[in-house]
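Our numbering numbers the first residue of the sequence shown as 2 and each following residue consecutively.
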Amino acid sequence: MLALSARRIGALATLLAVTASPAFASEAAEGGPPNLLDPNVGVMAWTLIIFVLLFVVLSKFAFKPIFAAVEAREKALEDAIEGAKRDRAAAESLLAQQKAHLETARTDAQQIIADSRATAEKMRTDLLALTKSQQEEMIEQARRAIEGEKAAAIAALRTEAIDLAIAGASRVIEQNLDSAGNRKIVENFLASLDSAKGTR
């Protein structure tokens with residue numbers, strides 16, 4: 002379509018040149034080279050006619066495709082701008098989501114750290130309580146063992162004291178006393194001494 006209009010424009014320009022050349026030829030015959038600065042009504046008329054015809058031809062065949070191309074270009078640019086705006090909004094939304102996820106992860110991490118500290122503190126308290134309980138139990142066992150050893154030592158000393166007393170008494174009176182009976186007498190005597198100490 003543009004090639005057809007270019008042919009028509011070329012033909013029209015050739016026609017105008019052919020018709021305008023006699024005017025230039027007549028001017029050249031009258032007195033030499035034409036003065037382009039002098040106003041010439043014929044040239045002005047032909048220039049105006051050529052301009053109007055060229056404008057009509059261009060507006061009919063060239064301006065519409067040019068305007069359509071310019072409008073298509075503007076629309077493509079507007080679409081690209083809208084797409085960029087949509088992409089930017091989507092990127093901002095994703096950035097906000099990432100920030101929210103990061104904040105949630107930070108809060109979760111702080112909660113985990115706090116829970117770990119609380120658990121460690123509870124374990125430390127429990128271990129201290131268990132250790133203290135075990136120490137008290139060991140002390141109690143040692144005390145009971147000491148008491149048992151003390152009672153056994155006292156019983157052994159008593160028995161030895163009774164034997165020594167009987168041996169001493171039998172030498173003093175120089176007779177062989179009944180060992181079991183004498184032992185009973187001494188044990189009763191010692192028991193009476195213990196009960197007398199308890200009442201004081």
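Beta carbons are placed, not taken as given, at the ideal position from N, Cα and C, and that holds for glycine.
For residue i, which residues from the same chain have a beta carbon less than 8 Å from its beta carbon, with the 5 sequence-adjacent residues on both sides left out?
{"i": "Phe56", "result": "none"}
In whole angstroms, what separates the C-alpha of residue i from that of residue j?
{"i": "Ile51", "j": "Lys65", "result": "20 Å"}
{"i": "Ala130", "j": "Glu137", "result": "10 Å"}
{"i": "Ala106", "j": "Ile140", "result": "50 Å"}
{"i": "Arg144", "j": "Lys133", "result": "16 Å"}
{"i": "Val42", "j": "Val53", "result": "16 Å"}
{"i": "Lys61", "j": "Ala77", "result": "25 Å"}
{"i": "Gly112", "j": "Asp127", "result": "Strictly speaking, residue 112 in this sequence is Gln, with Gly absent from that position. If I take the Cα positions, the gap works out to 22 Å."}
{"i": "Ala110", "j": "Ala91", "result": "28 Å"}
{"i": "Met45", "j": "Glu72", "result": "35 Å"}
{"i": "Ala146", "j": "Ser117", "result": "42 Å"}
{"i": "Gln98", "j": "Glu122", "result": "36 Å"}
{"i": "Asp80", "j": "Leu103", "result": "34 Å"}
{"i": "Ser94", "j": "Ala63", "result": "46 Å"}
{"i": "Glu161", "j": "Gln142", "result": "28 Å"}
{"i": "Ala70", "j": "Pro40", "result": "40 Å"}
{"i": "Ala153", "j": "Gln135", "result": "26 Å"}
{"i": "Glu75", "j": "Ile82", "result": "10 Å"}
{"i": "Glu148", "j": "Lys185", "result": "25 Å"}
{"i": "Ala85", "j": "Lys100", "result": "22 Å"}
{"i": "Met124", "j": "Glu150", "result": "38 Å"}
{"i": "Arg87", "j": "Phe68", "result": "28 Å"}
{"i": "Leu38", "j": "Thr48", "result": "15 Å"}
Assuming residue i and residue j are in contact, meaning their beta carbons sit under 8 Å apart, how far apart are those beta carbons, in whole angstroms?
{"i": "Asn189", "j": "Ile167", "result": "Going by Cβ atoms, the distance from Asn189 to Ile167 rounds to 14 Å, so no, they are not a contact pair."}
{"i": "Ile155", "j": "Val187", "result": "Contact flag wrong, Cβ pair sits at about 15 Å."}
Leaving out five residues before and five after residue i in sequence, what residues of the same chain have Cβ atoms less than 7 Å from its Cβ?
{"i": "Arg159", "result": "Leu191"}
{"i": "Thr108", "result": "none"}
Nearer than 7 Å: is that true of the beta carbon of residue i relative to any heavy atom of the ligand NAP?
{"i": "Trp47", "result": "By its list of ligands, the structure shown contains no ligand whatsoever, and the ligand NAP lies outside what it can speak to."}
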